[in-house]
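Residue numbers (our numbering), protein chains in the order written: chain A, 90 to 204; chain B, 153 to 265. Reviewing the structure listed below.
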Amino acid sequence: GPKVLQIPSHQIIDMGQMVTLNCDPVSNHLYFYWYKQILGQQMEFLVNFYNGKVMEKSKLFKDQFSVERPDGSYFTLKIQPTALEDSAVYFCASSRLGGNQDTQYFGPGTRLLVL
Amino acid sequence: GEQVEQRPPHLSVREGDSAIIICTYTDSATAYFSWYKQEAGAGLQLLMSVLSNVDRKEEQGLTVLLNKKDKRLSLNLTAAHPGDSAVYFCAVSHDSGYNKLTFGKGTVLLVSP
Chain A
90 GPKVLQIPSH QIIDMGQMVT LNCDPVSNHL YFYWYKQILG QQMEFLVNFY
140 NGKVMEKSKL FKDQFSVERP DGSYFTLKIQ PTALEDSAVY FCASSRLGGN
190 QDTQYFGPGT RLLVL
Chain B
153 GEQVEQRPPH LSVREGDSAI IICTYTDSAT AYFSWYKQEA GAGLQLLMSV
203 LSNVDRKEEQ GLTVLLNKKD KRLSLNLTAA HPGDSAVYFC AVSHDSGYNK
253 LTFGKGTVLL VSP
């Protein structure tokens, strides 16, 4: 089936540094999502993105977070500066359309560890 | 906001047995229900989804039941086999909003030969 890729698979950084997580969505998809999963907890919605804009974000999407997809390249999640509580697995997803019946295809996740 | 509880967190069955995973949710406006499977190192794979007007759906050895009165969703793997060993997540979303999924915590299923 359609594949979403995430780069890198693992990232370790020092607190206060910037990190960019990259997502290569399914090629004809128009809606993009980030979810965060802290070890042992539920996967939680962070943000969705369409046509260059954030459509909806959760309270977990702090001011230090930003997303973009310049010129149809990677869909990125940037955290600047990072904090210890940002350590988690971040999953990217994409869907063809944005309706609630449109399947979201997920990547394998990026495991971020902030020291 | 929406709360989704999933149980059990771990489930061990023998090959050929059935495995049942249950999720309960709190928001009666929830309209779309899905089950995902995650194998080690891979992304989430959609298994099956149902709308709120469906009580039961069966596909390829999987049965999803939706009880709107009790706000309960279940996934039944009939005749499980070792290849079904994975983590399973339920996810729900509303009619409104932009396809934001709320997930359960996941169930680690182990099917032994």
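Backbone N, C-alpha and C define an ideal beta-carbon position, used for all residues, glycine too.
Cβ neighbours of residue i in the same chain (closer than 6 Å, five flanking residues each side left out)
{"i": "R208/B", "result": "L217"}
{"i": "A181/B", "result": "H246"}
{"i": "F134/A", "result": "Y124, S147"}
{"i": "R159/B", "result": "I174"}
{"i": "F138/A", "result": "F121, V156"}
{"i": "N111/A", "result": "I96, Y163, T165"}
{"i": "V239/B", "result": "Q190, G258, V260"}
{"i": "D179/B", "result": "E154"}
{"i": "M107/A", "result": "Q169"}
Beta strand (DSSP E) segment containing residue i, residue limits
{"i": "A231/B", "result": "Counting along the chain, A231/B falls outside any beta strand (DSSP E), and DSSP gives it neither H nor E."}
{"i": "Y163/A", "result": "First-last for Y163/A: undefined, no H or E at that position."}
{"i": "H118/A", "result": "From DSSP, H118/A is part of no beta strand (DSSP E); its letter is neither H nor E."}
{"i": "N111/A", "result": "108 to 113"}
{"i": "S183/A", "result": "177 to 184"}
{"i": "L206/B", "result": "Correcting the residue identity first, residue 206/B is Val in this sequence and not Leu. No beta strand (DSSP E) contains V206/B, which DSSP labels as neither H nor E."}
{"i": "E157/B", "result": "156 to 159"}
{"i": "F150/A", "result": "Segment: none, F150/A is in no beta strand (DSSP E) and carries neither H nor E."}
Close-in-space but distant-in-sequence residues of the same chain around residue i (CB under 8 Å, 5 per side omitted)
{"i": "L202/A", "result": "H99, Q100, I101, I102, S176"}
{"i": "S264/B", "result": "S164, V165, R166, E167, P234"}
{"i": "L196/B", "result": "Y188, K189, Q190, F241"}
Residues that residue i bridges to, as DSSP identifies them
{"i": "L204/A", "result": "None; L204/A has no bridge partner."}
{"i": "L135/A", "result": "Bridge partners of L135/A: none, in fact."}
{"i": "A243/B", "result": "S186/B, F255/B"}
{"i": "K220/B", "result": "Note: K220/B sits in no beta bridge, so no partner."}
{"i": "Q100/A", "result": "L201/A"}
{"i": "Q95/A", "result": "C112/A"}
{"i": "V143/A", "result": "F138/A"}
{"i": "Y124/A", "result": "F134/A, F180/A"}
{"i": "Y250/B", "result": "The partner list for Y250/B (beta bridge, DSSP) is empty, contrary to what the question assumes."}
Contact set between residue i and chain A, taken where Cβ atoms lie within less than 7 Å
{"i": "S245/B", "result": "N189"}
{"i": "K252/B", "result": "F134, N137, E145"}
Cross-chain neighbours of residue i in chain A, by beta carbon under 8 Å
{"i": "L229/B", "result": "Correct list: empty, because the minimum Cβ distance to chain A is about 20 Å."}
{"i": "K220/B", "result": "Under the 8 Å cutoff, chain A gives no residues; its nearest Cβ is about 16 Å from K220/B."}
Contacts that residue i makes with chain B (C-beta to C-beta distance below 7 Å)
{"i": "G141/A", "result": "Here the premise fails: no neighbours, minimum Cβ distance about 14 Å."}
{"i": "P197/A", "result": "G193, A194, G195"}
{"i": "Q131/A", "result": "F255, G256, K257"}
Own chain residues within Cβ distance below 7 Å of residue i, not counting five before or after
{"i": "D169/B", "result": "A232"}
{"i": "D191/A", "result": "S184, R185"}
{"i": "G198/A", "result": "Q95, V178, Y179, F180"}
{"i": "L173/A", "result": "M104, V203"}
Contacts that residue i makes with chain B (C-beta to C-beta distance below 9 Å)
{"i": "Y120/A", "result": "Y250, N251"}
Within chain B, partners of residue i - CB distance below 8 Å
{"i": "V93/A", "result": "G195"}
Using Cβ-Cβ distances below 9 Å, what residues of the segment 157 to 184 of chain B are close to chain A? Within the segment 157 to 184 of chain B, contact with chain A at the beta-carbon level (separation under 9 Å) is assigned to Q158, A183, Y184.
If contact means a Cβ-Cβ distance below 9 Å, which residues of the segment 188 to 207 of chain B contact chain A? Result list: Y188, Q190, G193, A194, G195, L196, Q197, L198, S201, L203.
In the segment 170 to 194 of chain A, which residues sit with their C-beta less than 9 Å from some C-beta in chain B, listed in chain order? Result list: F180, C181, A182, S184, L186, G187, G188, N189, Q190, D191, T192, Q193, Y194.
Positions along the segment 101 to 126 of chain A whose CB lies within less than 8 Å of some CB in chain B: Of all residues in the segment 101 to 126 of chain A, only Y120, Y122, Y124 place a beta-carbon less than 8 Å from a beta-carbon of chain B.
Relative to chain A, which residues along the segment 253 to 265 of chain B have a C-beta separation below 9 Å, given in chain order? Listed by position, the residues of the segment 253 to 265 of chain B near chain A (Cβ gap below 9 Å) are L253, T254, F255, G256, K257, G258.
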